[in-house]
Every structure is written in C-alpha cells, then in structure tokens.
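Please read the structure below before turning to the comments.
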Amino acid sequence: MQLIGRTMSPFVRRVAATLNLYGMPFENLPFGTATQGAEIARFNPVGRVPALVTDAGEVITDSAAIIDWLDHQVGPDRALTPLAGPDRFAVTRCLALALGAVEKAVAATYEKDRRPEDKVWPEQVEKLLGQARGGFEALEAGLTGEWLALGRMTQADVTTAIALDAAESFNRPAYAGRLPRLRALRERLNAMPEIGGTRFKG
Ligand SMILES: N[C@@H](CCC(=O)N[C@@H](CS)C(=O)NCC(=O)O)C(=O)O
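Residues in the sequence shown are numbered consecutively from 1, following the working numbering.
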C-alpha cells in the first residue's frame, strides 16, 4: 500500500499510525501540500492529503474514509473504532471534536502562513485558534479516566494525541499551560513506536 502525504499533516499521520497499529506495511510518498499540489492531484482530485493506494490499486481519499476501510479490513475484534452500535458513537463523538479542533488549527496556520502578509486577518486567526482550543478543552473535560472512550485505547485517543501534537507544532503559545490530561495521554501514546514513530521528522 502507498500512503500519500507527509506526516506533518495530522490527517496523514493518523492513517500512518493506524496502519502501524494494525501491522499493515506501507510505503509513504511524502508529497507536501504547499509545493507538490500536482503530484497530490494525481491521487486525489480534491488536492488534499492523505490518499491511500490499496494493494488492489484502488485509491481512497480522506482520513475518515481510509481509516473506516482499514477498520473493516481488520474486522470488529481489532478495529480501533467499533464498527457498529453505541460503542461506535462513544468513539465517533470524540473523533468529531478532535478532528474539528485540528481542522481549525490547520486553518489558522493556512490563514497566517499561506497568505501574503497584507492579506492576513488577525481576528480570523484568533477566532480559528479559539475554535481549536474549544474542541481540545471539551476533550480534556471528558477525559476522566485513562482513555477517552470505552475504557480502552481507541481511535479517539490515537487521533486526539496526533491532533494535539499538530496543533502545538503549528502554534505552541496558543496551548501553553492548558490541557494537562490530554498531554499526559499524548505522552503515553507517543511512547508507543507505532504512534511516536510517525512524528514528522522533516
Ligand atoms: N477531512 C480531510 C482533511 C484533509 C486535509 O485538510 N489535509 C490538508 C493537509 S493537513 C491538505 O491536504 N490541505 C491542502 C489543501 O486543502 O489545499 C481528512 O481527514 O483527510
């Protein structure tokens, strides 16, 4: 299998970590969105990463669709998101917060770093960062035990840890002194080579 995109992207990284946790080997084609749009568009007409090329040569885009496909490959006993029932909802409601938060963190970075300086709108950057923090604070409030859902490690934990890593790498001061429980969860997960090993090294 081939995973398109650099693990600097939290969406790419959560797919890479899931592949590792499921023991599925893959080759990473680390195309960057800022300069390699044409290469990315060969795999994803929407021009975003991640995309996954399966061993059958099929291309799946969007981390949620890719991870759903991976979950169905490993089956209900190993899937990090339960495939059905109330347990699935317990995980997906956390995922909505983590993905929502990191989408806003990414949008804040694009707003700040990808526009000509005179076109940057500081109020919008602050609004986006506030939305990102809102999502993480809600997850922090819900983290009362060891894991975010179901009393065991799920995709909610994997994605939240990776989302927080990314949000902080984009803008460390925005999160300073906040989110102690999520940070502790993140450290535990990053100590696992399947997850910590996917940190972007470029
Ligand atoms: N919902 C998508 C979001 C993917 C996404 O926004 N990827 C960013 C990189 S972090 C991207 O490709 N941005 C380039 C662009 O939108 O032009 C997913 O979960 O895969």
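Backbone N, C-alpha and C fix where the C-beta goes; we use that ideal spot for every residue, glycine too.
Asked	Found
Taking 8 Å as the cut-off, decide whether the C-beta atoms of V53 and Q2 are in contact.	yes
With a threshold of 16 other CB atoms inside 10 Å of the CB of V158, please say whether the residue is buried or exposed.	buried
What's the gap between the Cα of V120 and the Cα of K112?	6 Å
With a CB to CB cut of under 7 Å and the five nearest residues on each side skipped, what residues in its chain are close to A222?	Residue 222 lies beyond the stretch modelled for the chain, which goes from 1 to 202, so this question has no answer here.
Tell me, please, which residues DSSP counts as bridged to R52.	According to the sequence provided, residue 52 is Leu. The question's Arg does not apply to it. Answer by DSSP bridge pairing, in chain order: L3 and I60.
Going by DSSP, what residues sit across from E27 in a beta bridge?	Q2
Give the secondary structure of V46 by DSSP, where H, G and I count as helix, E and B as strand, and everything else as coil.	coil
Counting C-beta neighbours from all protein chains within 10 Å, is the total for V46 16 or more, i.e. buried, or is it exposed?	exposed
Following the continuous alpha helix (DSSP H) through A180, name the residue where it begins and the one where it ends.	At residue 180 the sequence reads Pro, which differs from the Ala that was named. Segment P180 to N190, the alpha helix (DSSP H) holding P180.
Where does E140 sit, in a helix, a strand or coil, going by DSSP?	helix
Does the structure place the stretch 58-69 close enough to the stretch 4-20 that three or more beta carbon pairs sit under 8 Å?	yes
Give the DSSP-derived three-state secondary structure of S169 in the structure shown.	helix
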